Amino acid sequence: MPYDVQVVVVGGGAAGVAAARRLQQASIQCLVVEARRRLGGRAWTWVDPSGYGLDLGCGWLHSADRNPWVQVAEEQGATIDKTPPPWMNRPFEASFPRAEHSEFRKAVAEFYGRLEDAARSETDAAASTVLDPGCRWNALINAMSTYISGAELDRISVQDLDRYDSTDVNWRVVEGYGTLISACGATLPVMLDCPVGAIDHSGKRLRVDTGNGTIAADQVIVTVPSAILAAERIRFTPSLPEKIEAARGLPLGVDDKLFIALDGAEEFETSVRVFGHTDRVATAGYHLRPFGWPIIECYFGGRCAAALEKGGEAAFFDFAAAELSGVFGSAFVRRLKPIGVHCWGSDAFALGSYSYALPGCADGRQVLAEPVDDRLFFAGEACSRHDFSTAHGGYLTGVAAADRVIAMRNTSR
Ligand SMILES: Cc1cc2nc3c(=O)[nH]c(=O)nc-3n(C[C@H](O)[C@H](O)[C@H](O)COP(=O)(O)OP(=O)(O)OC[C@H]3O[C@@H](n4cnc5c(N)ncnc54)[C@H](O)[C@@H]3O)c2cc1C
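This is how it looks when you write it as C-alpha cells:
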C-alpha cells in the first residue's frame, strides 16, 4: 500500500467514492481512506436471511430524473424500481381517510408556500415560525420534518429548507442504494478500517495521520459527515475554526429505519404508507410491502428516534408494535417480527443521519465547501446548497471537489 500518493480522499461514502472515481478517470493516483470496514458510509444495504437487500441508510433515488447514481445503476445493470413512493400513493384508508388526506396535503402545500415567502426575508428564522397556529395538522407536518430533515421544525433554518431542490421523481434500486454505491467503489484503491485522526497542511505536502501510519499527499479531499468535523474527530494543523463553526451550524438529524417481517402481507397493496398517529410529532411512518416484499419499513425521526436509540432494537419494535396495533388492532402484533435497525445517531463514524442547518446557519454549506489553499478540499452532502441530506448531493459535491483538484493540477503543471 503506498504511503505517498497524489490525492487522499478521506471517507468512502457517496461523496468519497464519486470523487475518487473522477480522479481515477483523470489518471490521478488517489487513495480512499475509510474508517469503516466497508465502503458506502450512510449508504448501507444489509441482506437479510430471506435475501432482501434492506437499505439501513439511504433508499430513495431522490430527484431521480437528474440523479447521477441512476446512470451508475444502469452501468451496473441494477434493477430500478419506478413505482411511485408511498407518500405519493393513495394513503391507507384505515389510518387516514381520503377526505382528511386531501386536507392534510393542502395544509402541507400552504406550509411550504409560507416557507417560500419567509425565505425571501433577509433574516433567517426557525421553520416552526411558519406553521399556522391552530392548524390541526401541525403535529404531522412536524413529524414529516423529522423524516425529511431528521429534526423538528424548531431547529431548522427556513432559508436552508427552502433551498432544497427536488424534482419529485423518486425511484429505488432493488439491489439496494448501499450496494450500488459500494459496488461503484469496488475498483478504487482503498484503505478500510483506517480512521483518519489528523491532517497537517502546514508543510509543502499534506500529511494524513491514520491508524495505519502517515500518508503524504499533494491534495486531500475530506468527505466525512459535518458532525464528525464539528466534533473535531479530525484535528487540522493549522486549525480551521471557520470550518468547525460552519459544521456546528449543520448538525446531522437522526433518522432510523426499523425493518419488520409481516406475516400475511398479501392482505395489503404494495407500497402503501401508514402513520402511527396523525396528531402527534413522536410518531413513525410505516411503509408496507416495499417492492411487494412481506416487510414493513418503519421510519423514525428527530427526538423520537434519538430517544429510542437508547433502548436499541427492542425499543423501536415495541414502539412500532404499539402504534401498528392502534391502527390495525391488537392481534396484528402477532404477525410482526423485528428484522433489524441501525442507530445512526450513535454511529461513531456518522453521528447522525443527514444534515440540516440551524436557523441563521444556511450559508455555512458554502463555507464548508470552500477549499483551503487549493490543497485541502471538502465534499459530502452537507456541502451541497440544493441537494444536501442526499446521496446524490454527496456524489455531486465529491465530483465538484475532484474537478477542482484536477483543474489545480492541470494549471500547476
Ligand atoms: C436512515 C437514513 C435514510 C436515508 N435516506 C435517504 C434517501 O432515501 N435518499 C438519499 O438520497 N439520502 C438518504 N439518506 C442520506 C444519505 O445516506 C447521505 O446523505 C449520504 O449517503 C451521505 O454521503 P456522504 O459521502 O456525504 O457521507 P457518508 O456516507 O457519511 O460518508 C463519509 C464517510 O466518512 C467516513 N469517516 C468518518 N469519519 C472518518 C475518519 N475519521 N476517517 C476516515 N473516514 C471517516 C465514514 O465512515 C463514511 O464512510 C439517508 C440516510 C439515513 C441514515
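Counting in the working numbering, the final residue of the sequence shown is number 831, and the numbers go up one at a time with none missing.
For glycine and all other residues, C-beta sits at the position ideal for the given N, C-alpha and C.
Since the model is a prediction, treat every value here as computed from it, not as a measurement.
In this structure, ligand 1 has a non-hydrogen atom nearer than 6 Å to the beta-carbon of TYR772.
Apart from sequence neighbours up to five positions away, the residues of its chain that approach PHE529 with a beta-carbon distance below 6 Å are ILE559, ordered along the chain. In the DSSP assignment, PHE796 falls within the beta strand (DSSP E) that extends over 794-796. PRO643 has its CB nearer than 6 Å to a heavy atom of ligand 1.
About 6 Å separates the beta carbons of ILE678 and CYS716, which is inside the 8 Å limit, making them a contact pair.
For THR597, the Cβ stays outside the 6 Å cut-off from all heavy atoms of ligand 1. In the three-state scheme derived from DSSP, where H, G and I count as helix and E and B as strand, CYS602 is classed as helix. Rounded to whole angstroms, the Cβ separation of GLY431 and ARG460 is 6 Å, and the two are in contact under 8 Å.
For LEU680, the enclosing beta strand (DSSP E) begins and ends at 673-680. Looking only at ASN630, TYR470 and GLY729, the smallest Cα-Cα distance to VAL591 is reached by TYR470. Separation of the CB atoms of PHE806 and TYR582 is rounded to 7 Å, and the pair is thereby assigned contact status at 8 Å.
Less than 7 Å separates the beta-carbon of TRP555 from that of PHE522. Annotated three-state conformation of GLY812 is helix, per DSSP. Between ALA436 and TYR813 the beta-carbon gap is near 4 Å, inside 8 Å, which marks them as a contact. In this structure, the CA atom of ASP791 is about 28 Å from the CA atom of LEU776. Excluding residues up to 5 positions away in sequence, ALA545, SER567 and TYR774 lie with their Cβ nearer than 6 Å to the Cβ of ILE574 in the same chain. For the stretch 602-680, the continuous beta strand (DSSP E) assignments of 3+ residues that do not extend past its boundaries occur at 614-618, 624-628, 631-640, 653-655 and 673-680, in sequence order.
Bounds of any alpha helix (DSSP H) do not take in PHE718; it lies within the beta strand (DSSP E) bounded by 713-719. Within a 10 Å sphere around the beta-carbon of PRO656 sit fewer than 16 other beta-carbons, which makes this residue exposed. Secondary structure at GLY429: coil, using DSSP grouped into helix, strand and coil.
VAL426 sits away from ALA604, with the two beta carbons spaced by 7 Å or more. DSSP places VAL591 inside the beta strand (DSSP E), whose first and last residues are 589-591. Judged by their CB atoms, SER802 and GLY811 are nearer to each other than the 7 Å cut-off. Taking C-beta separations shorter than 8 Å and ignoring five residues to either side along the sequence, the partners of LEU624 in its chain run VAL426, ILE617, ASP618, ALA634, ALA635, ASP636, GLN637, VAL638, ARG793 and LEU794, following chain order. Distance from the CA atom of ASP611 to the CA atom of ALA766, rounded to whole angstroms, is 13 Å. Of the other Cβ atoms in all chains shown, fewer than 16 fall within 10 Å of the Cβ of PRO551; this residue is therefore exposed. Distance from the Cα of THR585 is smallest, within the candidate group TRP505, ASN485 and LEU670, for ASN485.
The beta-carbon separation of ALA768 and PHE796, rounded to 17 Å, does not stay under the 8 Å limit for a contact.
With a threshold of 6 Å, the Cβ atom of TRP711 does not count as near ligand 1, since no heavy atom of the ligand is closer than that.
Annotated as distal: PRO467 and SER689, with beta-carbon spacing of 7 Å or more. Given a length threshold of 3 residues, each whole run of the beta strand (DSSP E) inside the stretch 701-757 is given here in chain order: 703-706 and 713-719. When DSSP assignments are scanned along the stretch 485-526, the uninterrupted stretches of alpha helix (DSSP H) that are 4 or more residues long and fall wholly within it turn out to be 486-494.
For ASP473, the enclosing beta strand (DSSP E) starts and ends at 471-473. SER773 sits in a strand when the DSSP states are folded into three classes.
Note on ASN588: 16 or more other CB atoms within 10 angstroms of its CB, so buried under the neighbour-count rule.
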